[in-house]
Structure formats: structure tokens, C-alpha cells
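Protein chains in written order, with the numbering used here: chain A, 1 to 489; chain B, 490 to 568; chain C, 569 to 687; chain D, 688 to 916.
Yeah, the Cβ is synthetic: ideal placement off N, Cα and C, and Gly gets one too.
Read the structure below first, then the notes.
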Amino acid sequence: MVSPVVLLAVPLGLALCVPLVGMASRKAAGFVPVAASLFNLVVSVGLLPDALEEPIVANLGGFAPPFAITLFAGPVGVLLSALVALAGLAVSLYALSYISEGPTIRYHTLYTLLLVGATGVVLTGDVFNLFVFFEILCISSYALVAYVGDRAGTEASIKYLIQGALGSALLLIGIGLLYGLFGTLNMADIAARMGSVDPGPVFVAMVLIITGLGVEAAIFPLNAWLPDAHSSAPSSISAMLSGIAIEVGLYAVVRMVFTVFGASSMLMFLVFMGLLTLLVGELCAFAQSNIKRMLAYSSIGQMGLIVFALALATVHSVTGGLFQLVSHTLSKALLFLAVGYMVYRSGSMEISSLEGMGRRMPLTSFAFTVGAFSLVGLPPFIGFPSKFLIVRSALAEQGVLLQVLVGLLLAATVVEGAYFLRVIQTVYFKKGRQQEARREAPAVALFSMFVFVVLIVVIGVYPNLISNALESGASELLERADYVRSVLG
Amino acid sequence: MIIVVSLLVLAMLAAAVAALVYRDLLSAVIASCLVSLLASILFLFLQAPDVAMAEASIGAALVTAIFVITIRRTKRYEE
Amino acid sequence: MSFLHDYVYYIGAFGLVAVGLLILLVKRNLIKLIIGLSILDTGVNMLLISVGYITGGTAPIFSRPGLSEGGMVDPVPQALVLTAIVIGVAILALALGLAVRFYKNCGTLDLRTAKELKW
Amino acid sequence: MRLAVGLILLAVIGVGIAVSLGGIPFGAPKTVIGDHYVDSARDDTGATNVVTSVVVGYRAFDTLGEVTVLFVAALGLGAVLAAAGGGGGRSGVEPASLILRVGNAFLFPLILLFGAYIFSHGHLTPGGGFQGGAIIASAFLLVYLSSPGKRISATRARATESLSGLVFVVVGLLGLTLGAHNFLANFLPKGVPNTLFSAGIIPVVYCAIGLKVGSELAGVVDGLMEETG
Chain A
1 MVSPVVLLAV
11 PLGLALCVPL
21 VGMASRKAAG
31 FVPVAASLFN
41 LVVSVGLLPD
51 ALEEPIVANL
61 GGFAPPFAIT
71 LFAGPVGVLL
81 SALVALAGLA
91 VSLYALSYIS
101 EGPTIRYHTL
111 YTLLLVGATG
121 VVLTGDVFNL
131 FVFFEILCIS
141 SYALVAYVGD
151 RAGTEASIKY
161 LIQGALGSAL
171 LLIGIGLLYG
181 LFGTLNMADI
191 AARMGSVDPG
201 PVFVAMVLII
211 TGLGVEAAIF
221 PLNAWLPDAH
231 SSAPSSISAM
241 LSGIAIEVGL
251 YAVVRMVFTV
261 FGASSMLMFL
271 VFMGLLTLLV
281 GELCAFAQSN
291 IKRMLAYSSI
301 GQMGLIVFAL
311 ALATVHSVTG
321 GLFQLVSHTL
331 SKALLFLAVG
341 YMVYRSGSME
351 ISSLEGMGRR
361 MPLTSFAFTV
371 GAFSLVGLPP
381 FIGFPSKFLI
391 VRSALAEQGV
401 LLQVLVGLLL
411 AATVVEGAYF
421 LRVIQTVYFK
431 KGRQQEARRE
441 APAVALFSMF
451 VFVVLIVVIG
461 VYPNLISNAL
471 ESGASELLER
481 ADYVRSVLG
Chain B
490 MIIVVSLLVL
500 AMLAAAVAAL
510 VYRDLLSAVI
520 ASCLVSLLAS
530 ILFLFLQAPD
540 VAMAEASIGA
550 ALVTAIFVIT
560 IRRTKRYEE
Chain C
569 MSFLHDYVYY
579 IGAFGLVAVG
589 LLILLVKRNL
599 IKLIIGLSIL
609 DTGVNMLLIS
619 VGYITGGTAP
629 IFSRPGLSEG
639 GMVDPVPQAL
649 VLTAIVIGVA
659 ILALALGLAV
669 RFYKNCGTLD
679 LRTAKELKW
Chain D
688 MRLAVGLILL
698 AVIGVGIAVS
708 LGGIPFGAPK
718 TVIGDHYVDS
728 ARDDTGATNV
738 VTSVVVGYRA
748 FDTLGEVTVL
758 FVAALGLGAV
768 LAAAGGGGGR
778 SGVEPASLIL
788 RVGNAFLFPL
798 ILLFGAYIFS
808 HGHLTPGGGF
818 QGGAIIASAF
828 LLVYLSSPGK
838 RISATRARAT
848 ESLSGLVFVV
858 VGLLGLTLGA
868 HNFLANFLPK
878 GVPNTLFSAG
888 IIPVVYCAIG
898 LKVGSELAGV
908 VDGLMEETG
């Protein structure tokens, strides 16, 4: 069994090699992220059986737990790092053809480092180490959003950077207060000492930390940057930001709330925030005429749904939330990849300009349709079992309030269905003004899209493939005592 | 001792406020450089020589330099 | 006097955080915002270091052989702040690069003129 | 309006932080891990500067992440500025005065030496890779100011960045295979405390950090000065 640290060290080493490889051959540089994410995928999948049995804890530098930085590779960590690697692999293949202009070597380096940052956040068991990897993730995102260097991209990146930097400053204040109060930075150690400290100051630290992380997780009042950033970035980066970055931010929030603070008082608040985020996101998405902005708002809505499910904090609902997280990653990444080439061919991001795409790019349009149906929650795609699980677990709870909330959730799904069907109708059933020749996306890009299509359908038909792993992930998130025990012994 | 520290803190805050109110970006940058410099002296009083060195060499010197370079390439006054 | 002794560093740190946040909230000039970020960072660093201070402690360096271990200030916040300073510079550098880019695209540093941004 | 909202927000944050700081009295001894580090750092890592033994010993993984952050920012800056095609010289910079040029020719090697001293003695005295790197970068800044036409070789700077980063990662991976079988474990002999060749991997890692930080910060300055037209 290898140490989970190779999941971070090897891709980081490879990322540092990209400029050296790029000096020899510009083309070869694009294959480094492919190699890095392939390596991570293989190692994560290899670690999964062990992690499901018992979380793998690595103390870096060979010091005892509270004194060293701890990596905690439990079911959630390994699953998410596998998910990051999988999406990273497909998107890096896509980028081989999609990213052909500009400083490509820098793109590939930054992209690999984005994967490192995301993997680090999901694996670390140390509060300050979380901050460091979070910054790697955020700063590489800021830079990649502005990759094209056009006006919209630069503006979106600045907006993202200012809000993100403000968030990280609050996060750092929170971490400083936490250290002052507990005298330790290890998550398990903090969790173990939680009862011994006055709750008032701890609450302040928690609010600061959640606000700081919430900027990246795009929880409702903190998500002003998201539609601009996700719509102005190159499509491969939009796929990663929507599919990986915000999920990882959300994971960090959830890890903090569940494991470190064990804050049951926050949960009802988060349920409401989640639902509010869902409604705002879906309604804004409905009003968009720009396809990428529509997808970006839809990401906000989906994040709200996941927050809602996770904050209900029962084993079933958390399983549903994690399932929805996986489903959103696969579907939204697929949608952005498909839209990337549609927009590239039609030259405009307006939905109306996609008329006739069903004939011009049949395979890409098919991939788009699969992603859209899956996101709406239609069978036999992966979105169906995940949404079903969330609704069922929410209804299993007693209380009229929750049933009203579920009603709102279903209404939001209807809105979601409406705007996606509108796009699909435009793609297939409206004739384009000028009949252009059929011109598909390049083979590599189609291959990466169909990786997602196959996964969406296969997991949609056989949800049991991952639901057991997700369930043990859910119990890992909910059982604080087990987490503390497996780190501190 | 405590008087000196208080005066330094006061000066640091005054420099920060100056950075807030100056319309001339170059002056604001110099004021923020002063904030870093005074902060690094305070770090020294707080028995953190490593941090003081880092703050003085990075925070006060290099950051100010890249700010000034940027202002040269853009605009000096806030409108 | 004892009030000053107990709180002067906290006041300084908190004052910097407040001024930094205020700049971020009310100013719309890009360079000014970045200056705000830098002041905010300094304030946060100050806060962390003050949290680790121990009255009468010495710097955590065994520079003389006879120096005892008792009464050294906490080294952890100092290590964290070293990290935080470098991260802060990284963000500032990227932000300034974006500012140059923004100026080249729009001919101004005022974010109110940016068409896509609703602040 | 905006000012009012801002002030209210600020007041809320202020009260929160003040409440929280009330729970952390200034100057009181409090942390368990801080005491542990002070007590056992010399035996664990061999460095006499406890901050260094935390930065490059106990929490070395943070430091690896941190140099990565700087790497990301330097790359990102290059990508952002290069997006619309780079090239061209530096316009609008007048040639420097004689004093600056002559002084710089004299000072440049001294500053480099000073920077190298700072990062190679990080385990003994205050200072280390970041401070030393910043000093090296400021030497290059001086070169840019005194002779505006001069450029450092981008290829060489990038190679320094990558190679010194790789040294860090490889030292970490060696720790995983040799010695204690832990990433970034200190597998070299710790030597006699308070001598230059002590503390195992710490001076090696700090030298790598110094070179990396120096070349990256110099790259940042260079990137911002370059006129992209």
C-alpha cells in the first residue's frame, strides 16, 4: 500500500516538469497533465478498498499526529481525489485539442497545479494545510479564468480574485483564532478538544472560516463572482471550475462543519441557505440567454441542492448529497465540454446561435443532451438516482417544514428541466439560418466527452457501483469520534 | 517601552488611513509600504525576527517595487 | 497602562484589518483595492503573531548555548505567518498583473466602468 | 449606501473578532504544540532556529505548498500578461544615472552573497529561504532599475524555478523511500547543532527554496516590467 502523499507529490513534481518538457517540445507539455491525472486515478482507485476498510492516515515527516501535518485518506477523501483525477484526465485530453493558442505551457502547468490543489484540499487533515492547498486551487483558477486575456475574462478574473482574496483573509483570521483558542491545527485534535473551550469565540471562528470557504463553494450571498468567472473562462476551465473547484470548496465547508466543529446548530441554517441558493440559481439560470452563463447559474443551483442534502445530516441524505456531487461533476463537466466546441463553431455564446447544431454536430449535441437530462434528473442517467435519494431521505424526516422544502426543491427541478429543454429544442428542432456543413468536434475532444457519457449512463443504470462507497463516506463525515480515533489513535 | 509600541501602532494605523484617503496612488503605495515597515518593527518587538525579516524584505521592499512598476504602466491618480 | 499592554497589538492588528476591509468595500480603483488587500494581509499577520506572543518570552532561536527552553514565544504562528506573507505576495503579484491587463483592455483602472461587473 | 452597508458589516466582523479575542488573552502561555516544538525541536531536527524547524521540519509540507503558490502566481502572471502576445522592450524607462550603474555593479554580487548567506544559515539564525530569496530578487530589481535594457534569461530562470522545486519534491520522496519512510522525513545525519552542516535536509531544502523564491520573485518583477505593447 502506497502512502496517500504520492497523490500530491507526484503530480506536483510533474507540474514542475512541464516547463522543462515544454522547452524540449511544446506539444509534449500537454501530455503531462494527462499523465499526472492518470497516475492519480490509478493510485486513488487502488487505495479505495483499503480506505473503505479503514481510513489511511499519513503523518508527514515522521512526527506524531498533533505535531505533524496529517493526511487523512478516508472514503470521502479517496473518492473525491479519484473524482478529481477522473474529471482532470478527461478534461486534460479535451484540452489537447481545445487549448492550441496562447501560452499553452503555462496553461498545462497551471492546470496540473489546480488538480494538485483540489486533491490536497480533499486529503488534508490539518486546518492550515487546508488553507495552503485552497490557495493553490484558487490562485490557479484566477489565472486560468483570465487565460484568454480578453476583456470579459480579465474582468471576471479580477472580480473572482478580489472576492476570493477577501475570503481567504477571513479564513486565515478564523484559523488564527482557532489556533489561539485550541493551540493546535490538527483537525482531529481540534475536534477532540471542542468541548473544553468556551463556545462563543469558537462560533466566531467558525463563521469566519465558513464565510471564507463559502466564497469558493458559492453558497448564496457569496457567489457573485461565479457566473462571470465560469462563463468567461475557456470551456475546459469552466468544466473544471464547475465540476471540481466549487465541489472541493463545498467539501471543505462540510468537513469543517461536520468533523471539526460538529456544529449541529449551523445545520438548519445551512439547509435554508442551500435551498435559497438552489432557487436563486435555477431562477437566474432560467433568465439567461447566454448558454455558458446559464450553465454557471445552474451550477449555483446544484450546489444549493448538495448543501441542502448534506446539511440534513442523516446517513441517507449525506449519501444522496455525495451522490449528487459526483453526478454534478460528471454532468456539468460534460455540458461545458460539449458547449465549448458548440460555441467555438458557432462563434457566439447566445443560445439562439446554437440553432441547427443537432445536425452540424450530432455527437456533441448528443453528449450535451445526455448531460442535460442527467442534470435534470431523468432516468437512466446518474442524476436520477442521486436526486431520488435526496428527495427520499428528506421525506423520511418528520415535519411539515421539510415537506414544504422538498416541494420547493421539486419546483426548482421543474425550472431546471424547462431551461434545459429549451436549449435542447433550439439545438435539435430549430433550423439554423444558414445551413452549414457538418463539422464535428475533434476526435480527442469527443473521446473525452464520451468518457463522461458512458460513466453517466453506467452509474445511472447501476447506482450500486458507487453507492456503498458513498454510504461509508457519509458515515465518515457524520461520525466525528471515529475520525478523531483514527487520527489520534 | 509600551509607550514606544503604542506610538508605533498609532503611526502604523495613521499610515493605513493615509493609504485609504490619498487620491494619488503613488502616495498611497508609499503609505502602505510604511505600514509594512512599521509592522515589521512591531514583529521584532513581538520576538519574531524571522517574520520581521520577511515582512521587511518582501512586504515592504518587493511589494512596493511591483506596485510602483504597475503604477508606472497604468495610471497614477484615482479618478 | 495595563490596558495598553494587553491590547495595543490587538488594536493595531484589528485596525489594519478594518482599514483594509474598508478600502475593499468603498473604493473602486483597482490599484487601491490591491493596496487594501495588502494592508488587510498585514493586519491578519499581525493578529496571528500577537496570538502567539508570550509575555517576557524570547525569540525562539537557541542562538546562545546557555539559553533555556523556558520562556520562548510560540514558534507556530511565526511559521504560519511566514507562509501567509508569501501567499499574500503571490496573490498581490497576480492581481497587479491582472490590473495591467485590465488597464490595457479598458484604458482605466476604475471598476465602475467595467461592463460585466456588477459590484 | 455602500459606505453604510460596509460600516455595518465591518462593525459586525469587529465585534465578532473582539469577542473571540477576549477568549485569547494576550501574552499568556497557552499552546501544547508550541511548547513541544520549543522543547524537542533541537533533538528532532537539529536546527537551533525553532521557527525554521517548524517551517522546514514539522510543517515542511505547508512550505512545499507555499512555494507552489508562489510558482502558480508567477506562472499566472506570465500567462495573464503574455495572453495578447508579448515581446518588445521596455519603453518609458530612462537610462539610470552613473552613480546607480556603478554602485549596482559593485553591490550586485554582494547582495547575492548576502541572500545566499541568509538562506543557507536559516537553521541557525533568523532568516531562511523566503527572506534570502527576496533579497536575491531585490538584487535583480536593482539591475533592472540601473540598466533598463537588461533581461535575465527567461529560459534559465524557468529552469532554476523548476529544478529547485524538483529538488524539494525529490528530497521529500527520498524521505518516503529511505530513512523513516515518511514524506519529507529528515533522513540525513543531523550533525552538531549550531554548525553550518547540521540539521539534515533543512539547509538543502532551504537553499532550494531560496533559489526558487528568488527566481520567481525576480520573474514577477521582470514580467511586470516587460512592455507588451
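Item to check | Cβ distance (whole Å) where A156/A is taken to contact D228/A below 8 angstroms | outcome: Taking a contact as a CB-CB distance under 8 angstroms, the pair A156/A and D228/A counts as one, their CB atoms being some 4 angstroms apart.
Checklist entry - Does the Cβ-Cβ distance between Y142/A and G763/D come in under 8 angstroms? => result Judged by their CB atoms, Y142/A and G763/D are nearer to each other than the 8 angstroms cut-off.
Item to check | Alpha-carbon to alpha-carbon, D909/D and T915/D | outcome: Bear in mind that a pLDDT of 45 at T915/D, under 50, signals an unreliable position, so the number given afterwards is only what the model happens to contain. For T915/D and D909/D, the gap between their C-alpha atoms comes out near 12 angstroms.
Checklist entry - Where does V57/A sit, in a helix, a strand or coil, going by DSSP? => result V57/A falls in the strand class under three-state DSSP.
Checklist entry - Could you give the distance in angstroms between the alpha-carbon of L177/A and the alpha-carbon of H573/C? => result Taking the straight line joining both Cα atoms gives about 20 angstroms.
Next on the checklist: For a minimum of 4 consecutive residues, which ranges assigned as the alpha helix (DSSP H) are wholly contained in the segment 228 to 314 of chain A?
Outcome noted: Those alpha helix (DSSP H) runs which fall completely within the segment 228 to 314 of chain A and span 4+ residues are 235 to 240, 246 to 255, 265 to 287 and 291 to 312.
Next on the checklist: Residues in the same chain with beta-carbon distance under 8 angstroms from V891/D, minus the five sequence neighbours each way, listed in chain order, please.
Outcome noted: Excluding residues within five positions, the ones whose Cβ falls inside 8 angstroms are V854, V858 and L875.
Next on the checklist: With a threshold of 7 angstroms (Cβ to nearest heavy atom), would Q398/A be considered close to the ligand GTP?
Outcome noted: Of ligands this structure carries none, so the ligand GTP is not represented either.
Item to check | Selected residue, minimal CA-CA separation from V587/C, among L502/B, D513/B and R512/B | outcome: Among L502/B, D513/B and R512/B, the Cα nearest to that of V587/C belongs to L502/B.
Next on the checklist: Between which residues of its own chain and F556/B is the CB-CB distance below 7 angstroms, once the five residues before and five after are set aside?
Outcome noted: Residues of the same chain with a CB within less than 7 angstroms of the CB of F556/B, apart from the 5 flanking positions on each side, are V518 in chain order.
Checklist entry - Applying the criterion that 16 or more other CB atoms from any shown protein chain within 10 Å of the CB defines a buried residue, is Y831/D buried or exposed? => result Under this definition Y831/D is a buried residue.
Checklist entry - How would you call D513/B, buried or exposed, if buried means at least 16 neighbouring beta carbons within 10 angstroms? => result So D513/B counts as exposed.
Checklist entry - What are the residues of the segment 517 to 545 of chain B that lie near chain D, defined by any Cβ-Cβ distance shorter than 7 angstroms? => result Flagged, chain order: P538, D539, M542 and A543.
Item to check | I622/C, DSSP secondary structure in three states | outcome: In the three-state reduction of the DSSP assignment, I622/C falls in the strand class, which pools E and B.
Next on the checklist: Distance check for G371/A and A285/A, CA to CA, integer angstroms please.
Outcome noted: Looking at the two C-alpha atoms, the distance is approximately 16 angstroms.
Checklist entry - How is the alpha helix (DSSP H) around F72/A delimited, first residue to last? => result Not the alpha helix (DSSP H): F72/A falls in the beta strand (DSSP E), residues T70 to A73.
Next on the checklist: Since M640/C and G625/C should fall inside the 8 angstroms C-beta cutoff, what is the C-beta to C-beta distance between them, to a whole number of angstroms?
Outcome noted: Confirmed, Cβ separation roughly 5 angstroms.
Checklist entry - Under the rule that 16 or more other beta-carbon atoms within 10 Å means buried, what is E101/A, buried or exposed? => result By the neighbour-count definition (other C-beta atoms within 10 Å, threshold 16), E101/A is an exposed residue.
Checklist entry - For L330/A, which of Y462/A, G149/A and I456/A has the nearest alpha-carbon? => result Taking each of Y462/A, G149/A and I456/A in turn and checking the Cα distance to L330/A, the smallest one comes out for I456/A.
Next on the checklist: Strictly below 8 angstroms CB to CB, what residues from chain B border N597/C?
Outcome noted: Correct list: L514, E567 and E568.
Item to check | Those residues which DSSP pairs with E848/D across a bridge | outcome: For E848/D, which the question treats as bridged, DSSP gives no partner whatsoever.
Checklist entry - When DSSP builds the beta bridges, which residues end up paired with G710/D? => result By DSSP's assignment, G710/D forms no beta bridge with any residue.
Checklist entry - Which same chain residues, not among the five before or five after V644/C, have their C-beta less than 8 angstroms away from its C-beta? => result G620.
Next on the checklist: On the criterion of 16 or more Cβ atoms from any shown chain inside 10 Å, does D198/A qualify as buried, or is it exposed?
Outcome noted: Burial call: exposed.
Next on the checklist: For L48/A, tell me which candidate among A218/A, L83/A and T426/A has the shortest Cα-Cα distance.
Outcome noted: Per the Cα distances, L83/A.
Next on the checklist: Does chain B have any CB closer than 8 angstroms to the CB of V858/D?
Outcome noted: Chain B contact via Cβ: absent.
Checklist entry - Exposed or buried, which one is D749/D when buried takes at least 16 other CB atoms within 10 Å? => result Taking every protein chain shown into account, the CB of D749/D has 16 or more other CB atoms within 10 angstroms, so this residue is buried.
Checklist entry - Does Y575/C get closer than 8 angstroms to chain D when you measure Cβ to Cβ? => result Yes - at least one Cβ of chain D is within 8 angstroms of the one on Y575/C.
Checklist entry - Tell me which same chain residues have a C-beta within less than 6 angstroms of the C-beta of L96/A, skipping the five on either side of it? => result Residues of the same chain with a CB within less than 6 angstroms of the CB of L96/A, apart from the 5 flanking positions on each side, are G30 and V444 in chain order.
Checklist entry - Since G281/A contacts G304/A with CB under 8 angstroms, what's their CB separation in whole angstroms? => result The Cβ separation is near 6 angstroms, so the contact holds.
Next on the checklist: Using only the alpha-carbon positions, how far apart do R746/D and S289/A sit?
Outcome noted: About 49 angstroms.
Checklist entry - Does the segment 369 to 386 of chain A come close enough to the segment 332 to 351 of chain A that 3 or more CB-CB pairs lie under 8 angstroms? => result With a cut-off of 8 angstroms, the segment 369 to 386 of chain A and the segment 332 to 351 of chain A count as touching, because enough Cβ pairs lie within range.
Next on the checklist: Rounding to the nearest angstrom, what Cα-Cα distance links A528/B and L535/B in this structure?
Outcome noted: Cα to Cα, A528/B sits roughly 10 angstroms from L535/B.
Item to check | Beta carbon of G262/A nearer than 8 angstroms to that of R480/A | outcome: The answer is yes: Cβ separation under 8 angstroms.
Next on the checklist: When you compare the CB of V644/C with every CB in chain B, is at least one pair closer than 8 angstroms?
Outcome noted: For V644/C, not one C-beta of chain B is nearer than 8 angstroms to its own C-beta.
Checklist entry - Can you find a C-beta in chain B that's less than 8 angstroms from the C-beta of S825/D? => result So yes, S825/D belongs to the interface.
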